[in-house]
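Chemist: Have a look at the structure that comes next, please.
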Ligand SMILES: [Zn+2]
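Chains as they are written, first to last, in my numbering: chain A, 1 to 213; chain B, 1 to 278.
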């Protein structure tokens, strides 16, 4: 037991490991908590949310940042939808650095960033497409996402870089759902930049019900 | 997690390559970006003009912009902000991706010499002229809620609804409305990650010229930016000039400003020119 363990009174709805590089999805009901654990450290977890009862309403990184007046996501951040409504609220964060401006890697953007020779590598947008299709969603529904545990400093002159992640094994971020949400995750397979320490690893996802702290 | 020697060697090789790309991308390789265009510079030849339009304050506008044409957005009063969406006219599932645009170019701040990328690794638009007002890629456009919070009760048009209207008129719908880029919105990020509004950078007569690198559908919204601290809802018009522009030559600034831009234009070439080996 660590000080960050889930309360013994909590009802665990789901507790699973997402393998390195894999896609995954689930529905988190209003009031339930979603905890994403970076089991081995330095692993970017690309995440999208949709309103489960209206899949056209979806995560908006720009609304999320604007609503809090800051370029990063951490405890207290309201995760906002394209309709300007709070989808989830971040209630705990042991890492402190999460990005929502850099979007997901793709075969196509990899060619531009890293050279045409990197086209045929598995990428987050491939994961999102495969997983989104299970829910009747398509490429039109895939928007720039949250990147939990990804370290993307932005300086005053606008320099923008993915740098080494700072998450340690077992670091987690926890959110309370403010509406029923479909959660899509791509456990990022990128090996061309430091978002995974160049070595993708599994992550853990727990959905549970608990009283307010 | 215990890594083998071979895994460690691969990681070291990836890291070395990334550091080299970063050094080039954040340096001035292969060429330095130019200073801003002067506000009385870059005249458009009368014969090149295809269309002019005045977008009233609060309104939206749509157009088709063909490859080889450009759009000048003019901030007539200096108080306006113009938010933009763009889709490929031949396949609107290919569209503006602000995240790829900034990540790939190592820069959240757009300026003359930068390009705007699609989600398919191709150049949609090149920023061929820019007076340097500052443009927002991070915080997005206004909504009914942000207007109500800023200006109180009243019928203030907003960018989110404008984009849904614009998409509808282009035969698209709200699934096709993605995060936007807002011109004449001088947003920067301070050392604590907080947004700042650099009001002084924006002046009357600022303009930016966007050249289409494929046939595009464009939606614009002329609404005050949600981070603009002015208590006045600027109803000021902006002027739009659609004109024929010289196509990007081999030595074009935007095509050659970075290794990333070169590769994005190569992706366009693979797409358009069957004579170019893919
Ligand atoms: Zn990825």
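Every residue, glycine too, gets a C-beta built ideally from N, C-alpha and C.
I want to see whether chain B comes within less than 8 Å of residue 21 of chain A, judged by CB atoms only; does it?
Modeler: So, not an interface residue.
Chemist: Smallest Cα separation from residue 58 of chain B: which of B:20, B:156, B:39?
Modeler: Measuring from the Cα of residue 58 of chain B, the nearest candidate turns out to be B:156.
Chemist: Report the residue ranges of all alpha helix (DSSP H) runs contained in full by the segment 99-180 of chain B; include only those spanning at least 4 residues, in chain order.
Modeler: The segment 99-180 of chain B contains these whole alpha helix (DSSP H) runs: 144-151, 159-169.
Chemist: Count the CB pairs spanning the segment 109-125 of chain B and the segment 25-35 of chain A that are closer than 8 Å, and state whether there are at least three.
Modeler: Short answer: they don't touch.
Chemist: Output the distance between the C-alpha atoms of residue 34 of chain B and residue 127 of chain A, rounded to the nearest integer angstrom.
Modeler: The alpha-carbon atoms of residue 34 of chain B and residue 127 of chain A are separated by roughly 39 Å.
Chemist: Heavy atom of ligand 1 less than 7 Å from the Cβ of residue 190 of chain A, yes or no?
Modeler: The answer is yes for residue 190 of chain A.
Chemist: Counting C-beta neighbours from all protein chains within 10 Å, is the total for residue 161 of chain A 16 or more, i.e. buried, or is it exposed?
Modeler: Answer is buried; the Cβ neighbour count reaches 16.
Chemist: Which residues in the same chain as residue 44 of chain B place their Cβ atom closer than 7 Å to its Cβ, once the five residues preceding and following it in sequence are excluded?
Modeler: Counting only Cβ-Cβ distances below 7 Å, and skipping sequence neighbours, we find 72, 241, 243.
Chemist: What did DSSP end up calling residue 194 of chain A once you bin it into helix, strand or coil?
Modeler: Helix.
Chemist: So, is residue 198 of chain B buried or exposed, given that buried needs 16 or more other C-beta atoms within 10 angstroms?
Modeler: Flag for residue 198 of chain B reads exposed.
Chemist: Report the CB separation of residue 90 of chain A from residue 100 of chain A in whole angstroms; it is logged as a contact under 8 Å.
Modeler: The pair is not a contact, with the Cβ atoms about 11 Å apart (cut-off 8 Å).
Chemist: Below 8 Å between beta carbons is the criterion; list the residues of the segment 35-56 of chain A that meet it against any residue of chain E, in chain order.
Modeler: Among the protein chains of the structure shown, namely A and B, there is no chain E.
Chemist: Please decide whether residue 194 of chain B counts as near chain A, where near means a Cβ-Cβ distance under 8 Å.
Modeler: Yes, residue 194 of chain B counts as interfacial toward chain A.
Chemist: Go to residue 201 of chain A, then tell me how far its alpha helix (DSSP H) extends in each direction, as first and last residue.
Modeler: Residue 201 of chain A -> no alpha helix (DSSP H), and no H or E assigned at all.
Chemist: By Cβ distance below 6 Å, which residues in the same chain neighbour residue 79 of chain B in space, the five residues on each side in sequence not counted?
Modeler: For residue 79 of chain B, where only same-chain residues beyond five positions count, the Cβ hits under 6 Å are 234, 236.
Chemist: If you drop the 5 nearest sequence neighbours on each side, which residues of the same chain put their C-beta closer than 8 Å to that of residue 229 of chain B?
Modeler: These residues qualify, in order along the chain: 197, 199.
Chemist: Strictly by DSSP, which residues pair up with residue 285 of chain B?
Modeler: Residue 285 of chain B lies beyond the stretch modelled for chain B, which goes from 1 to 278, so this question has no answer here.
Chemist: Given this structure, state the Cα-to-Cα distance separating residue 117 of chain A from residue 111 of chain A, to the nearest angstrom.
Modeler: Their backbone Cα atoms lie some 7 Å apart in a straight line.
Chemist: So that I know if they touch, is there some Cβ in chain B lying closer than 8 Å to that of residue 194 of chain A?
Modeler: Yes, contact with chain B.
Chemist: Residue 94 of chain B by DSSP, collapsed to three states: which one?
Modeler: Three-state result, residue 94 of chain B: coil.
Chemist: Are any of the Cβ atoms in chain B nearer than 8 Å to that of residue 128 of chain A?
Modeler: It does not; no Cβ of chain B falls within 8 Å.
Chemist: Under DSSP, the beta strand (DSSP E) around residue 183 of chain A begins and ends at which residues?
Modeler: 181-187 is the span of the beta strand (DSSP E), which, as asked, contains residue 183 of chain A.
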